[in-house]
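Below: the structure, in structure tokens.
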């Protein structure tokens, strides 16, 4: 079984924006991006992990939502996905990520940062804080994944770094039907990737267009 | 977590035919149905379990193929899915199903038959041969599934029995773009189920239309 490097369930607007400037505790995706609006398609499904009431759809969007953990052995994320701080970890005793005591990863997670910090275990997720090139960090994550796949979790600039280094095997990008205009762009157009990837665009009744890429 | 009763990755022609008369060792789906043609969409994917060479697509059809085992704890199948014999099991020492030493189920499987036969374990699949109403057999399968979902594996008449008894929660039916004209029909039209189920029809670039049903 090939060990894949995957971007999954990554959400952007119709103009490719996944986050914006001015990230803060109140605005984890920046002050111009409402993540609830970008994630709405997944939040409506029966398999959404944060669902508090029964119900939810069991159509196409549900397949993509419940596939999130399938055969994933490790995640790599940028520092800004882990928290809004910049510079050295002044408060690392206090800040343990956005996700509370039960982070939704359930695997080792490698947080890319130039600033050292001890590893942190919350339930069945352990965060390691690592400095290095994408290729170096991927080698570490692949080892930790023990043959399973590695997820590139984002944000936008982390996904772009791994695409630029040509280290990504598959991507699932959910493109919402509205423009954001300003912010951090994953791409100018999905066509940017067609030199290296096959692309299937699967429109969902929820309004999202699932873009599924895999290596040529 | 709800324990679901699911029909998954079940293939029919555009006119609803999933198998035909005159099942035999040479024609497990009957003499008018070529299963390779009905399954072609799944066989082209990277996740197809019988794949012998690397490669395969990683688009929509691959999501549906790799979801097959997700959270499934038991399968119920009709006797004709297990083998082409009719009447008492004269050859039960010899016939162990179509799948060789490594059946693709990896769970307990309940084979509906009026004819007694001892249980049979092949690798991590155990086949139990059971007589009873769909509701009775489902109760047994749910217990064996230990909280996971139960798959109704087919064939056509087994799926219809469970639909008639109103025991199915979700269905994924892959409808191929060709007619077969004659054979065992799952439905006259997918609309037959709309009184009880939501339906999303998701066309795949492979030509198949994935029909995803879930309870209203």
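Chains as they are written, first to last, in my numbering: chain A, 87 to 302; chain B, 87 to 302.
Ideal placement from N, C-alpha and C gives every residue a C-beta, glycine not left out.
Test: residue i CB closer than 9 Å to a CB of chain B
i	result
residue 242 (chain A)	no
residue 146 (chain A)	yes
residue 253 (chain A)	no
residue 291 (chain A)	yes
residue 192 (chain A)	no
residue 224 (chain A)	no
residue 200 (chain A)	no
Interface flag, residue i vs chain A, CB-CB below 9 Å
i	result
residue 249 (chain B)	no
residue 288 (chain B)	yes
residue 185 (chain B)	no
residue 111 (chain B)	no
residue 296 (chain B)	yes
residue 140 (chain B)	yes
Exposure of residue i, with buried meaning 16 or more beta-carbon neighbours within 10 Å
i	result
residue 192 (chain B)	exposed
residue 199 (chain B)	buried
residue 302 (chain A)	exposed
residue 276 (chain B)	buried
residue 172 (chain B)	exposed
residue 184 (chain A)	exposed
residue 227 (chain B)	buried
residue 280 (chain A)	exposed
residue 131 (chain A)	buried
residue 140 (chain A)	exposed
residue 138 (chain A)	exposed
Option in the options with minimal Cα separation from residue i
i	options	result
residue 223 (chain A)	A:196, A:235, A:242 and A:234	A:196
residue 152 (chain B)	B:140, B:133, B:137 and B:163	B:133
residue 285 (chain B)	B:150, B:219, B:257 and B:142	B:257
residue 263 (chain B)	B:167, B:186, B:103 and B:88	B:103
residue 110 (chain B)	B:213, B:159, B:123 and B:166	B:166
residue 168 (chain B)	B:230, B:128, B:293 and B:211	B:211
residue 98 (chain A)	A:187, A:127, A:89 and A:113	A:127
residue 244 (chain A)	A:272, A:122 and A:294	A:272
residue 156 (chain A)	A:281, A:94, A:141 and A:125	A:94
residue 170 (chain B)	B:160, B:182 and B:162	B:182
residue 269 (chain A)	A:261, A:242 and A:255	A:242
residue 250 (chain A)	A:187, A:278, A:107 and A:260	A:278
residue 176 (chain A)	A:190, A:201 and A:246	A:201
residue 117 (chain B)	B:105, B:125, B:124 and B:123	B:105
Element boundaries [beta strand (DSSP E), containing residue i]
i	result
residue 196 (chain B)	194 to 198
residue 285 (chain B)	283 to 289
residue 105 (chain B)	103 to 105
residue 90 (chain A)	Unbroken run through residue 90 (chain A): none, as it is neither H nor E.
residue 260 (chain A)	256 to 261
residue 214 (chain A)	211 to 216
residue 208 (chain B)	206 to 208
Delimiting residues of the alpha helix (DSSP H) encompassing residue i
i	result
residue 247 (chain B)	242 to 250
residue 129 (chain B)	126 to 129
residue 151 (chain A)	146 to 152
residue 302 (chain B)	Unbroken run through residue 302 (chain B): none, as it is neither H nor E.
residue 168 (chain B)	165 to 168
residue 224 (chain B)	220 to 230
Positions along the region 148 to 182 of chain B whose CB lies within less than 9 Å of some CB in chain A: 148, 149, 150, 152, 153, 156 and 157
Interface residues of the region 259 to 282 of chain B facing chain A [CB-CB below 7 Å]: none
Short-range partners of chain B found in the region 120 to 138 of chain A, where Cβ spacing is below 7 Å: none
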